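Please read the structure below before turning to the comments.
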Amino acid sequence: MAIRDWPTDERPREKLLQRGAQALSDAELLAIFLRTGVQGKSAVDLSRELLADHGGLAALMGASLSRFCQSKGLGDAKYAQLQAVMEMSRRYLGDVLQRDQVFSSAASTRRYLQAQLRGEPREVFAALYLDNRHRLIRYEPMFFGTIDSAAVYPREIARRALELNSAALIVAHNHPSGVAEPSDADVRITRRISDALALLDIRLLDHCVVAGAEVVSLAERGQL
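Right under this line is the structure:
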C-alpha cells in the first residue's frame, strides 16, 4: 500500500507536522528524506530495509559513497543530499553552541564534539580554543588521516592558541572504527600538547576521543 493511502495521522510527513519530528521513528524520518520508495515498496518499507542492511541510522549516514550506493534506491544524488543535510545540521549546532556555550562540563564538551566529529570517515584531530571563561573562540580541525605521535604537531596547536589569544584548550579526535578507547599514542600526544601549552601559560583542559555516540574523556580518566 502506498503511503498516500495510509490514514493521515500515520503518514510520516503529516505525523511530523502534527506531532513534531521527535515523534517519528528512524525509518519514518528517513522516508521523508527519501520522498519515494521503489517498485513494490513504500518509502517507509525501503527505509526499514536500508536501516537493517546498514545496521542503523548512524551507520547509514556515515557510509562511504560506494557503500551507500550499493543499496537499491540510493545513488549519487541521494548521497549528496544526505551529506548536505548532515553538514547543515553540524553547522547549525556549531553556530548555536559557539554563540552560547560555556565549556565548563564534560557533558557540554561531548555534545559539541559529537556534532562535529561523529560520522567522519577518516580520523580528524581538532582543537577547541577557549577564552578565560571557557567560552568557545574557535573550533578548528588541525590534522587528518592516521593520528599518531608523528602526525600531530603540538607547536602548531600552541601557535594557533597564541594567534587566537586563547587561555585554554580542549583537543579531540575521532576513531572511525567505532571504538572510543584511547590508545597509548593518544595518551602520549596529550602529554606532549599539555607540556607545550604549559610553557605559554595555556591550560589543556581535556582530550576527548569520539566514536559514534561514545565520547571518552582523558581528563575524567586521570590521563591528562
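The C-terminal residue of the sequence shown carries number 224 in UniProt numbering, and the numbering is unbroken. Note that beta-carbon positions come from the ideal geometry of N, C-alpha and C, so glycine has one too. Please read all numbers here as calculations on a predicted model, not as lab measurements.
Beta-carbon contacts of residue i that lie in its chain and below 8 Å, excluding the five residues immediately before and after
i, result
"residue 69", "75, 76, 79"
"residue 122", "144, 145, 176"
Terminal residues of the alpha helix (DSSP H) in which residue i lies
i, result
"residue 204", "That residue, residue 204, is in no alpha helix (DSSP H); its beta strand (DSSP E) goes 203–211."
"residue 44", "43–54"
"residue 38", "Looking at the DSSP string, residue 38 is not in any alpha helix (DSSP H), and its letter there is neither H nor E."
"residue 108", "106–117"
"residue 160", "154–163"
"residue 187", "184–198"
"residue 14", "12–19"
"residue 58", "57–61"
Contacts around residue i, its chain only, beta-carbon distance under 7 Å, and the 5 residues preceding and following it disregarded
i, result
"residue 64", "121"
"residue 193", "154, 157, 171, 204"
"residue 72", "38"
"residue 35", "43"
"residue 162", "200"
"residue 48", "27"
"residue 106", "217, 220"
"residue 53", "71"
Residue j beta carbon less than 7 Å from that of residue i
i, j, result
"residue 130", "residue 172", "no"
"residue 182", "residue 224", "no"
"residue 124", "residue 141", "yes"
"residue 174", "residue 128", "no"
"residue 226", "residue 51", "Nothing about residue 226 can be reported from this structure: the residues present for the chain run from 1 to 224 only."
"residue 24", "residue 12", "yes"
Rounded Cβ spacing between residue i and residue j (contact assumed at less than 8 Å)
i, j, result
"residue 307", "residue 138", "Outside the displayed span of the chain (1 to 224) sits residue 307, for which this structure offers no information."
"residue 57", "residue 32", "Actually they do not touch by this definition, with Cβ atoms about 13 Å apart."
"residue 61", "residue 88", "The pair is not a contact, with the Cβ atoms about 13 Å apart (cut-off 8 Å)."
"residue 179", "residue 211", "6 Å"
"residue 215", "residue 110", "4 Å"
Paired residues, beta bridge with residue i - DSSP
i, result
"residue 173", "125, 209"
"residue 92", "Per DSSP, none; premise fails for residue 92."
"residue 168", "130, 203"
"residue 68", "Paired residues: none, contrary to the question."
"residue 215", "210"
"residue 140", "127"
Close-in-space but distant-in-sequence residues of the same chain around residue i (CB under 6 Å, 5 per side omitted)
i, result
"residue 187", "223"
"residue 132", "167"
"residue 202", "161"
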